[in-house]
Every structure is written in structure tokens, then in C-alpha cells.
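Number of protein chains: 2
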Amino acid sequence: MPHTRQPGSVGPVKKQFHTFCEPPHELELEGGGRLGPITLAYETYGRLNREKSNAILILHALTGDSHAAGIYAEDDPKPGWWDYLIGPGRPVDTDKYFVICSNVIGGCQGSTGPASVNPATGRPYGLTFPVITVNDMVRAQAHLLDHMGIDRLLAVLGGSMGGMQALVWSVLFPDRIMAAIPIATTAKHSPQQIAFNQVGRAAIMADSHFNGGDYYGGEIPRSGLSLARMVGHITYRSDEAMHERFGRKLRGKKALGYNFGIDFEVESFLHYQGDSFVERFDANAYLYITKAIDYFDLSMPSGSLTAELARAKCKFLVVSFSSDWLYPPYQSKEVVKSLLVNGIDATYCEIETRFGHDAFLLPGEMDTIIGNFLANLASRGGIKAPSVS
Amino acid sequence: MPHTRQPGSVGPVKKQFHTFCEPPHELELEGGGRLGPITLAYETYGRLNREKSNAILILHALTGDSHAAGIYAEDDPKPGWWDYLIGPGRPVDTDKYFVICSNVIGGCQGSTGPASVNPATGRPYGLTFPVITVNDMVRAQAHLLDHMGIDRLLAVLGGSMGGMQALVWSVLFPDRIMAAIPIATTAKHSPQQIAFNQVGRAAIMADSHFNGGDYYGGEIPRSGLSLARMVGHITYRSDEAMHERFGRKLRGKKALGYNFGIDFEVESFLHYQGDSFVERFDANAYLYITKAIDYFDLSMPSGSLTAELARAKCKFLVVSFSSDWLYPPYQSKEVVKSLLVNGIDATYCEIETRFGHDAFLLPGEMDTIIGNFLANLASRGGIKAPSVS
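One line per chain: the protein sequences are R and Z, in this order. Everything in the first sequence is counted per the working numbering, starting at 180 for the first residue and increasing by one. Everything in the second sequence is counted per the working numbering, starting at 180 for the first residue and increasing by one.
Right, here's the structure in full:
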């Protein structure tokens, strides 16, 4: 019953917020300019050991948040998004490891983003929020670790955009991580990936309620954000998985309607995904985060992925999924090849699955592989479990 | 210089319109009800032989039209959409064959569709136009052939939605065609294909100018239709082709803009495609035609594609393209398997290409294969070229 257990051997999931109130109050941004003070929403699971050597940073994807595991109360309808992976006795074992997950800057789940109030104006930033990058997200996370007194992480771990952050950690802070686990990701966004994101952004910006991003307190660009999410959801699923789940099944009718209402289950599913997303996500945050991942290109500035990855020092476990056509396995293989050319200790696993990109969010073989990788890492590094107080 | 030659050995391309003014004035529709009188816009190339046995019907795709080949005047910027395939001495040789291409009903390029004036009201149909199907499109084409006095076609030939029409011809009018050439198509729309179309329709219907489809004479749902086309264009291209053509090249700038303007070539391309499409296509027609192809399922009503294709009598040449992920080769193979189970004479060719679904509109190996297939067909059938007058 994974969904009803509390993760962390020290009891309920913690939810904490931290404001960078000590100097520097501002984060220097890759695109120029500064942002601050910054708030990062984060959660922790398990306990830090005395040596502060058992910390693992979980990195979330485009629409994820800091609530990676557990429930806050017994009647929570569902646990954090990676609950089956993180918890006592689970692959990311909170009896052994101290697990941290923070919401990215630019997001809308507690960390500073375009929906946050700009202290200079007293109003939400909207599109006056600076365009941030994956590097900026990672630098903010490094500040959080400074604040927590953690010099070095056992591992950084994430899928999709989370995998991009894991890659960035390995080159921006090579001495601060023992291992990186980038999953279902790429070293640079491809034109097809950019194209899908641009459609989503165009849908949001074409919404008559968008108002140049200044819609807070009024009607929100509901249909635009919903459309963006619908496009996204198609790319998260494989053709095969959609055949299996939806086929050509009709929705609530026995025959085609011969009108422009919903005919098929798959249409109903997409609209449900779009509509429910609007309730929990900010349209501007969708713009900023998709832009950050479109800008992501680890091969820059030299133009050579191998040259850039030469800065990395940690071990790598790279995971991809056979039916993931949004971040296809060839993109993971490019990363692995560049790592191996550099003589870096890298393991690669392509997992056979029909679930497409979504596979990284679903229980499967990946879990054991990650669990074993972390256990070996901790064992070889002499990492001690936290003492029972 | 294929683009400057006039197709057809009898001179310039003809453009003709035909109204079904003889009884029956109305077409019975698959979804119930009737539509009429109907206008079909069509073009012909070459000349019909005395036996009326050398006619080939070209079937266009979602956004195609009856202008399949040739130019109307020397200064036309570009010829019809399949010009390299159709013309004197070309694979569909207009010195030998009489070639016909008509715009589908439900379309907006001269044939009766939602932008047409409803004779009962004197106003454009808009969404009062009945939902039509691929079968309806084909039945209207059969009426056109009746009008032209052509009992039997040498071949029907089309890609994508054109391929669906070719398949329908084979089962609705098995005695009226000698061969069918369905290209880059499917026997039924998959949930992924439906999902992409539904996003396009939702974008159009969410546009504040859509007005329930009654936008004629006012502002049109420009941004919605543009978005629909942008989504479509991603699906027409392979990942590989986009890498090759766009990569991560910037558009008109030397560095990332760090704002929400266009950064990448691929974004600019998509917007260009969307914006130019709006100038030539009607948003309601996009709704009707995508609905028709989403409804397309040749395995119905029995549920067995093999059982339904048992009605076919003609020869088949089925063509797919290796990198077409919108209508992947496995969908063509399903058609071929069902044909072969029925003992029908079917040839299958999967062409290796990096151009994705768009490959069916580009010169390549397909042309020769089609040319040879037609030449063999005509030779074995004793089809005579039209006499020189």
C-alpha cells in the first residue's frame, strides 16, 4: 500500500519555505540581471546523518513541484509525484538517505516565479519576471544547500527537465555531487521539442485573457493554458499506450455524434487533463519554464557536449525509455557517449516500456536500478545511515 | 524545370466547376440527412481516350485542393501540389492518362463546404453544415464521374487523407476502379491522430472570434486556426528532418533574446506556416475535414478490417515512409496484411526517408514506383493512350 505510508523514518513529510534573507539577497541570472530575494519551497524526507553526506536532491519536471513523496494528512487524495520511489525501504530509502526536493524558480508551487509579488512594485511580476534558465534553477538550489549546511550531495536525481538539472549540477558544481541520475532527458532541446513548447506558449499568449501576462486578479488565460497542456499530454504518451488505453472507444455514447462535441475517450481525457491543469498551474510559469528548457543546451558555449561534460567528476546513471518519443533514447545515448569519451564513470540503461515519456513517473524496472545504484554508491563511499535518536 | 512546364498534352491546366443540377440534387450522408445541391471544384489534365478507360483520380489530403499540377499562367509563383508527379512524361503521365482531381466536400477550395452559402438561408452554413465523412467525400466523387461519363477508373491515388479515400473507393465502388494507391495512410485514425486533431479543433473553437462558427464577414478565428496548423506541421515532419533543417539555429539574432519573442528558426517557421495557412483556409473547413478523418475507420461496421476489405477487387500499391510518425508504416502494413489474407493482389513498399509524413508530397523513389505500377497496369489492361487530334 505505497500510497498510504508516510515517507521518512522521522515521521510525516515536512514542508518548509526558505527565503534567501542572508547576503547575497539576489541571484545573478544567466540572461543578465539579478533576481531576489528568492523564496524556494522545498520538502525533506528522512534525516541528515552527522557527516551530512547522505543527502539526495530530487529534481522535478516541467509541471512538478517540491511534493515528491508522502502525504500531509491521512485523507490526502494522493501522495507526492514520486512516492513509489522515495520512502522508508523504497529505492530512495529515507531510512538511509536525507532527501530534498525544491520547487524550481520560475515555477508556481511556492518558489519565486512570475506569479510572485515583485517587492519593488507590490504587484505580481507577470512578464516583468526575468527569463530564467536551467542553470539559474540549479544555482538557486545550490544556495539552498548552502543554507542547509550541505557541502556535497550523494546524488542528484530527476527525469525530463529534472534530468537537465541533474546534468547541469554535474558541470556547474562538479565537486558538490557524488553522482547524477539524469532520466528520460536530453543534453539539448531539439527543434521538435522547441516546436511543441512554442505551440503551447503561442496558445497561452493568444488567449484573449492573457493580457500581456498581467491577468492576476482577473480572468486567467484558461483555454490557452489548457491547450498547452493538451499538446504536452500527447507527447508524454506513446502511440502504443494510447492504443491500449483509449483505442477508438467512444465517450458516453454508443455511436458517433456527427457534431463537434466529444466523441472519443481520448478527446475527453485530453480535455480533462487540460482543465484540471489550469486549476493548479500558472500560465506565466508555463511560459517561463518551457522557455528555460528550450534554451537548454549543455553543449554551449563551446558547441561540444564532450568538451562541456569534461568538467563533470561524478558517477552517472543515465536512464531512458524505449517508447519515449519526446526525449528519445538517442538523446540519452549522446550524453553517455560524451561522458565515456571523457573517461567518466557512466552507466546507461534503456528500459523497454510502452508507456512513453510518462514511464519515468510510473513504477517499473527503473526503481530497482536506481535503488541498487544508490546503495552501491553509499556502500563504496562509506556513507552512514542517520543514527536513531 | 518541372515547375515551368504545363502538364497535359492538350495545353494549359483546366479548371472547371460542376454543380449537381441533375437529379438527385442531394447527396445522402453517412451521418444521416442530405446535402445539396453540391458543387465540386475539379481540374483535369490530359485527355480521356475513346474507351474512357485511362482516367486516374487524384485524391487530396487534409489541406489540399483540386489544383494538383501545373500552372494557370506563366507568372504563377508555384504549380499544383503534386506537379512533379503529374504531367507529360511524368509518372502519372498526362500524355497517356486522363487525370482528375476534385476538392473534397466539406473543404473550402471551391467545393461545397461550411463556408458555402446555404441555399435555404442565403447565408454561409457555418456549423449548420452537416458533419461529413470520408465515405461522403468519395460518394460525391462518384457522382462527378457519373457526370463525366466515366464508369471505371484506371486508378485512384492519394496520400494521407487522400489514401483514406483511395481505400474507401476500393470497398464502396469495387467495380469502378482497376487499382488503388493509398500512400502514407491508415485504415483507421488512431487515438494519437485523433488527439492531435482535437487539439487543433479546440484551438479554433477557443478563439474569441470563432463565434460558434458564424464568423463570415467579420473577424476570423485567426490565431486558433494558426495554432491548429502549427500543431499539424510538427506532425508532418520527422525529428531528424527538423534537426537537419532547423537544428537550434537562431532567427535573426546572434544570441538568445531572454524574452518571449521568437528565438529559434523552428519557431519562426511554425508561425509562418500558421499565418500563411490562415490566408488560404477556412477554420470551419478545418473542423469538418479533421472530424471526417477522425471518424475514419475502415474496419467498421463489422469491426474487422479483413472482413471489410474483402469487398475490394482492385489491385493495390500501398506506400509508406520509414520516418512518418503521423501515419507510421505499421498502419499501412495492417492494410496490406488484410488485403493479402483476402487474396487480393497487393504490393507494399516502405520507402526509407528522413522527411516524415511530408515525404508523400516530395519528389523521391515513390514517383518511379507509382509510374511503373501505372504503366504495368495500363499495359496489362490494354489501356490505349488518347489519340492525337
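Beta carbons are placed, not taken as given, at the ideal position from N, Cα and C, and that holds for glycine. Small disclaimer: the values here were computed from a predicted structure and weren't measured.
| query | result |
| --- | --- |
| Neighbour list for Gly-128(Z) in chain R, Cβ cutoff strictly below 9 Å | Outside the shown range of chain Z (180 to 568) lies residue 128(Z), about which nothing can therefore be said. |
| Short Cβ contact (7 Å threshold) for Gly-215(R) with Glu-205(R) | yes |
| Proximity test, Cβ basis, 7 Å: Leu-435(Z) and chain R | yes |
| 7 Å Cβ cut-off: residues of chain R touching Ile-140(Z) | This structure does not reach residue 140(Z), given that chain Z is present from 180 up to 568, and the question cannot be answered. |
| Supposed close pair Gly-543(R), Ile-523(R) - CB separation, criterion 8 Å | Actually they do not touch by this definition, with Cβ atoms about 26 Å apart. |
| Any non-hydrogen atom of the ligand ATP closer than 6 Å to Gln-452(R) Cβ | In the structure on display, the ligand ATP does not appear, and there are no ligands present to speak of. |
| Leu-332(R) versus Val-313(R): straight-line alpha-carbon distance, rounded | 19 Å |
| Cutoff 7 Å: Leu-449(Z) Cβ touching any chain R Cβ | yes |
| Exposed unless 16 or more other CB atoms sit within 10 angstroms - verdict on Lys-428(Z) | exposed |
| His-182(Z), DSSP secondary structure in three states | Low confidence applies to His-182(Z): its pLDDT is 38, below 50, so where it sits in the model is not reliable enough to give any reading. |
| Straight-line Cα distance separating Arg-424(R) from Leu-346(R) | 33 Å |
| Ala-319(Z) and Ile-237(Z) closer than 7 Å at C-beta | no |
| Any C-beta of chain R under 7 Å from that of Val-520(Z) | no |
| Proximity winner among Asp-503(R), Phe-439(R), Lys-367(R) and Gly-292(R), relative to Glu-513(R) (alpha-carbon distances) | Lys-367(R) |
| For Ile-373(Z), three-class secondary structure by DSSP | helix |
| Within-7 Å CB hit, Val-310(Z) to chain R | yes |
| Per-residue burial, Val-520(R) [other beta carbons within 10 Å of its own, 16 or more giving buried] | exposed |
| Beta-carbon proximity of Ser-566(Z) to Arg-533(Z), cut-off 7 Å | no |
| is_contact[Ala-363(Z), chain R] using C-beta, thresh 7 Å | no |
| Closer than 7 Å to chain R by CB, Leu-214(Z) | no |
| Length of the line joining the Cα atoms of Gly-341(R) and Ala-240(R) | 5 Å |
| Exposure of Asp-262(R), with buried meaning 16 or more beta-carbon neighbours within 10 Å | buried |
| DSSP three-state assignment for Tyr-224(R), whether helix, strand or coil | strand |
| Segment limits, beta strand (DSSP E) that includes Leu-336(R) | 334-338 |
| Sequence-distant residues of the same chain with beta carbon closer than 7 Å to Gly-373(R), five excluded per side | Looking at the sequence itself, residue 373(R) is Ile, so the reference to Gly does not match. Asp-473, listed in sequence order. |
| Within chain R, partners of Lys-432(Z) - CB distance below 8 Å | Ordered by position in chain R, no residue passes the 8 Å Cβ test against Lys-432(Z), which lies about 13 Å from the chain. |
| Contacting residues, own chain, Cβ-Cβ under 7 Å from Gly-453(Z) (five flanking each side not counted) | Ser-405, Leu-406, Arg-408 and Met-409 |
| Cα-Cα separation, Arg-269(Z) to Gly-550(Z) | 8 Å |
| Classification of Cys-200(R) by the beta-carbon crowding that lies within 10 angstroms, buried from 16 upward | With a pLDDT of 47 at Cys-200(R), under the threshold of 50, the predicted position of this residue should be treated as unreliable, though the coordinate-derived value follows. That one is exposed. |
| Phe-308(Z), DSSP secondary structure in three states | coil |
| For Cys-280(R), the residue or residues it bridges with in DSSP | Glu-222(R) and Ile-237(R) |
| Chain R contact for Ala-358(Z) (CB, 7 Å cutoff) | no |
| Chain-ordered residues of the stretch 401-421 of chain Z with a beta carbon less than 7 Å from chain R | Ser-402, Leu-406, Met-409, Val-410, Ile-413, Asp-418 and Met-421 |
| The stretch 457-473 of chain Z / the stretch 305-312 of chain Z touching (three or more Cβ pairs under 8 Å) | yes |
| Close beta carbons around Ser-447(Z), own chain, < 6 Å, minus the five adjacent residues each side | Arg-430 and Ile-441 |
| Check whether Thr-364(R) and Tyr-506(R) have beta carbons under 7 Å apart | yes |
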